[in-house]
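What follows is a short report on a single structure.
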Amino acid sequence: MKDSPRRYGSVTRALHWLIALLVIAQLASVFLGFIWKNNVFSQLILPWHTTIGVSVLTVMAIRTLWALSQLSRRPAHEGKLQRLAIAGHVAMYALLILMPLSGALMTWGMGYGVHVFGTAWFEGADAPWAAGFGKLHGTFAWLLTFMIVGHVCMAMFHHFRLRDGTLHRMLGRRGDDRDTRSG
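Listed below in structure tokens is the structure:
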């Protein structure tokens with residue numbers, strides 16, 4: 001359940017992959033909606049955009065608290081790679097919180113209200129400041145998309161170049177995947 005230097009625990013892995021699934025559904029439905037207006041995927045997912053966004057925000061709050069409780073259990077890295085990893089994770093966590101928050105503020109501030117699982121959590125208001133903050137929602141989405149691409153690239157770098165077991169730990173496999181072949 002808890003993290004260790006050899007493997008991320010089941011809670012960390014579940015929270016990571018749940019967020020990944022929710023965010024990929026969000027981004028894919030919006031991007032596909034721009035490219036292909038009447039695609040079935042976007043038509044199924046977009047009505048749930050606010051619900052999924054609030055779910056991302058909720059799971060990220062849990063994930064942040066959990067990650068902070070597991071810091072001492074994580075494998076240590078040194079030097080530039082450690083600083084880059086910390087900066088990248090902090091930026092991604094911030095975007096995963098700011099993006100749904102800005103979307104909810106935009107929806108609320110434009111008078112639509114925030115509806116989650118069909119229930120009105122907040123009635124709409126005429127709040128230009130919130131709608132204005134919400135205009136950052138698209139910018140946050142693009143930044144998050146670039147961060148996700150970078151995150152995947154770094155996972156592949158760890159797996160294929162460094163062979164340090166990072167990807168195996170995130171997939172829940174025991175041990176590490178260092179290449180023990182000579183040469």
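Just so you know, we're using full-length UniProt numbering here: the sequence shown kicks off at 1 and counts up by one.
We put the beta carbon where it would ideally sit given N, CA and C, even for glycine.
{"Check": "Contact set for L27: own chain, Cβ-Cβ below 7 Å, skip 5 residues either direction", "Outcome": "A141 and T145"}
{"Check": "8 Å contact criterion, which G109 and A125 should meet: CB distance rounded", "Outcome": "6 Å"}
{"Check": "Cβ distance (whole Å) where R169 is taken to contact Y8 below 8 Å", "Outcome": "5 Å"}
{"Check": "Distance CB(M92)-CB(H159) smaller than 8 Å", "Outcome": "no"}
{"Check": "Close beta carbons around L98, own chain, < 7 Å, minus the five adjacent residues each side", "Outcome": "F140"}
{"Check": "Helix, strand or coil at R181 according to DSSP, with G and I counted as helix", "Outcome": "A caution first: R181 carries a pLDDT of 32, below 50, which makes its placement in the model too unreliable to give a value."}
{"Check": "N-terminal and C-terminal residue of the beta strand (DSSP E) that W121 is part of", "Outcome": "T119 to F122"}
{"Check": "Rounded straight-line distance, which links the Cα of G79 to that of I24", "Outcome": "31 Å"}
{"Check": "For V114: DSSP bridge partner residues", "Outcome": "F122"}
{"Check": "Integer-rounded CB distance, given that M106 should sit under 8 Å from G88", "Outcome": "With 8 Å as the limit, G88 and M106 do not qualify as a contact, their Cβ atoms being about 26 Å apart."}
{"Check": "Where R163 sits in the DSSP three-state scheme", "Outcome": "coil"}
{"Check": "Short Cβ contact (8 Å threshold) for A120 with G111", "Outcome": "no"}
{"Check": "Burial state of I86 (16 or more Cβ within 10 Å)", "Outcome": "exposed"}
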